[in-house]
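Per the numbering used here, residue 10 is the first one in the sequence shown, and the count goes up by one each step.
Positions of the beta carbon are idealized from the N, C-alpha and C atoms, including for glycine.
Notes for the one structure printed next.
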Amino acid sequence: MLDNFLINTMLYKRKKKSNWSKYFLLEKLLSANENSVSNNTGDFTCDDAAELIRIYNINNLYTAYSSECFYNNEEPNRANYNKMIHPLNKSRRNPNIRLIKTLIDVILIGTLSKDNGSYFSIDPLEKFEALSNEERFDLCSYIRFCKIVSAICNIALKEWDIEKGNELIRKNALEMRKKLIPILRNTSLIFEYCININSLNENIAFEDDAQKSAIEDLYAPLPWELPQHSLQDYNNFIEKSSDTSYIEQLLLQLPDSVLLWIKAYSRDLLFNQEKFFLQLLFLLLFVSKDDLNKYVHFIPDYTLSIPKIHANNYYKNVQKLYQLPSIDFFYCFSNQQDRIDTVTYITTSLIPDISTWLKFLICNITDVQLEAAKNLYFMIFIRHKFRLKQEDSSFPADALSLLAKANPEIDDIYRICKRSPFL
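Written out as structure tokens, the structure is:
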């Protein structure tokens with residue numbers, strides 16, 4: 010009688026639903042993470058990874074994957090990554106543990122993303138909101154049933170036809186009870202994610218712009234060209250720059266912290282800082298984010314030596330530079346109307362008085378770009394200005410050479426910003 014009870018407990022007596030396929034893939038993903046003892050696993054395949062990426066419409070997983078690798082002191086590899094997510098790749102391979110953990114974070118746990126120096130939580134892509142409590146129980150029971158049948162057949166976890174699976178259980182369960190009872194006693198791995206779901210639908214009226222930006226970044230196609238902006242981007246901007254509504258739309262896409270910074274410090278930036286600093290900010294729009302991060306911590310291979318006669322002016326320049334605060338110092342608007350009013354203020358009182366290249370800069374400025382400019386200006390420009398007995402009024406060749414390593418078109422771009430910043 011006990012044997013009959015054991016077999017009866019293992020059988021699956023409900024119906025399988027067609028929309029369970031993605032949840033089954035997630036169970037395989039969690040199982041691969043639990044069972045992996047090396048960088049590769051056979052439980053979760055290249056096809057499985059590609060299917061999950063398709064289902065959840067994830068276009069920029071490589072950024073999160075790279076972060077996971079760096080966190081574990083590993084170097085991410087684009088070619089290797091492509092082999093793990095493209096089933097048609099001739100040298101395809103199963104996802105490594107870093108990609109598995111990345112998918113779990115993005116789809117089931119949620120991730121942290123950095124925007125303007127602050128971290129924001131991004132909700133998981135899967136919240137199981139489409140499942141009722143009863144269906145969640147049925148799903149987890151079916152997954153456990155598939156684990157039992159897969160163990161009987163000594164193969165990796167896969168979905169099974171219910172009738173065929175029950176037949177295999179009836180024939181083999183008693184002989185394999187020692188192997189199957191642990192599976193029977195443990196719930197499916199996905200169960201903990203199902204059970205913690207709040208079934209109430211949350212209607213969030215306001216969401217921080219930085220969080221929106223971080224969420225959109227996850228879905229954004231990965232740019233294959235290294236420069237953050239290109240000359241073509243600027244040329245396209247020229248054609249529409251006279252249209253106030255177009256400028257307003259670009260500004261409305263900026264995070265709150267950027268708009269607040271522009272409102273508070275744009276005039277100080279434009280009229281109290283040297284033209285060279287504005288030109289440098291503009292040029293930094295055309296290099297990659299990786300290069301910007303390097304420039305934030307750039308130290309030249311020469312010593313900074315300022316003649317005593319220029320010391321007073323030198324320190325005034327440094328003080329003026331560092332009085333300009335970081336963009337991430339600012340937070341967010343209290344309401345949407347304040348945001349709209351700020352954009353209107355920028356477009357009516359600031360934009361009309363500046364040249365096209367400076368408009369492009371205002372519409373695209375970021376905190377890391379500002380911090381990189383401040384450091385390069387301190388390390389290269391101020392030294393260049395005061396290294397001679399008389400102040401040097403030329404744009405430093407050292408700076409152009411450094412930026413040209415990041416973007417070969419930098420000389421052509423510099424010709425654009427040699428024009429006056431003001432109309």
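Exercise. Measure the C-alpha to C-alpha separation of N89 and V305 and round it to an integer number of angstroms.
Key: 30 Å
Self-check item: Enclosing alpha helix (DSSP H) for G174 [first to last residue]
Solution: Unbroken alpha helix (DSSP H) run through G174: I171 to N181.
Quiz prompt | First and last residue of the uninterrupted alpha helix (DSSP H) at P191 | solution = Looking at the DSSP string, the run of the alpha helix (DSSP H) that includes P191 is R186 to R194.
Self-check item: Cβ-based neighbour list, I247, same chain, cut-off 7 Å, excluding 5 preceding and 5 following
Solution: T365
Quiz item: Which of helix, strand or coil does DSSP assign to N105?
Solution: strand
Self-check item: Environment of K368 [buried if 16+ CB atoms lie within 10 Å]
Solution: buried
Quiz item: How many Å lie between N326 and E380 at the Cα?
Solution: Cα to Cα, N326 sits roughly 16 Å from E380.
Quiz item: Buried or exposed: where does L278 fall if 16 or more other Cβ atoms within 10 Å of its Cβ makes it buried?
Solution: buried
Quiz item: Could you check where the alpha helix (DSSP H) with R424 kicks off and where it finishes?
Solution: I419 to C426
Exercise. Please report how far the alpha carbon of S150 lies from the alpha carbon of W169, in whole angstroms.
Key: S150 and W169: Cα-Cα distance of roughly 13 Å.
Exercise. Tell me where the alpha helix (DSSP H) around K303 begins and ends.
Key: From DSSP, the alpha helix (DSSP H) with K303 extends over K298 to V305.
Quiz prompt | Cβ neighbours of V267 in the same chain (closer than 6 Å, five flanking residues each side left out) | solution = I336
Exercise. May I ask which residues mark the beginning and end of the alpha helix (DSSP H) holding V327?
Key: A320 to Y331
Quiz prompt | Sequence-distant residues of its chain with Cβ nearer than 7 Å to I152 (five each side left out) | solution = F33, E36, S197 and I199
Quiz prompt | Close Cβ partners of M388 (< 7 Å) along its chain, the five nearest in sequence each way excluded | solution = Excluding positions up to five away in sequence, the list reads F307, I308 and P309.
Exercise. Give me whichever residues DSSP pairs with T351 in a beta bridge.
Key: None; T351 has no bridge partner.
Quiz item: Mind checking I318: buried by the 16 CB within 10 Å criterion, or exposed?
Solution: exposed
Practice problem: Would you list the residues sitting across from F387 in a DSSP beta bridge? | Solution: Answer is none; F387 lacks a bridge partner.
Quiz item: To the nearest angstrom, how far is it from the Cα of A41 to the Cα of A58?
Solution: 12 Å
Exercise. Give me the Cα-Cα distance between F286 and A382, rounded to the nearest whole angstrom.
Key: When rounded, the separation of the alpha-carbon atoms in F286 and A382 is 7 Å.
Self-check item: Residue-chain proximity (A59, chain B), Cβ-Cβ < 8 Å
Solution: Here chain B cannot be found, since the structure has a single protein chain.
Quiz prompt | Buried versus exposed call for I213 [16 or more other C-beta atoms within 10 Å across all chains shown] | solution = Here the model assigns I213 a pLDDT of 33, short of 50, so the residue's position is not dependable, and the following value carries that caveat. It is exposed - the Cβ of I213 has fewer than 16 other Cβ atoms within 10 Å.
Quiz item: Quick one: what does DSSP say I199 is sitting in, helix, strand or coil?
Solution: coil
Quiz item: Relative to the alpha-carbon of Q258, which residue among I190, I371 and D421 has its alpha-carbon at the smallest distance?
Solution: I371
Practice problem: Locate the alpha helix (DSSP H) running through T365, then write down its first and last residues. | Solution: T365 to N373
Quiz prompt | Pick from Y65, I271 and Y423 that is closest to L333, judged by C-alpha positions | solution = I271
Exercise. Can you grab the Cα-Cα spacing for the pair S208 / S141, in whole Å?
Key: With a pLDDT of 35 at S208, under the threshold of 50, the modelled position of that residue is not reliable, and no figure is offered here.
Self-check item: Helix, strand or coil at F431 [DSSP, three-state]
Solution: Strand, per DSSP.
Self-check item: Among K298, L289, E418 and K284, the one whose alpha carbon lies nearest that of S429
Solution: K284
Quiz item: Using DSSP with H/G/I as helix, E/B as strand and the rest coil, what is I164?
Solution: When secondary structure is reduced to three states using DSSP, I164 falls in the coil class, being assigned neither helix nor strand.
Quiz item: Starting from E257 and walking both ways along the alpha helix (DSSP H), at which residues does that stretch end?
Solution: T253 to L261
Quiz item: Going by other Cβ atoms of all chains shown within 10 Å of its Cβ, with 16 needed for buried, is S251 buried or exposed?
Solution: exposed
Quiz prompt | Residues of its chain near Y442, where Cβ-Cβ distance is below 8 Å and the 5 sequence neighbours each way are ignored | solution = Lying outside 10 to 432, the shown extent of the chain, residue 442 is not represented and no answer is given.
Quiz prompt | When R87, Y202 and L359 are compared against P133, the one with the closest alpha-carbon | solution = Y202
Quiz item: So Q237 is in the alpha helix (DSSP H); what residue range does that whole segment cover?
Solution: Here Q237 belongs to no alpha helix (DSSP H), and DSSP marks it neither H nor E.
Exercise. Give the straight-line distance between the Cα atoms of L117 and I109, rounded to the nearest whole angstrom.
Key: 12 Å
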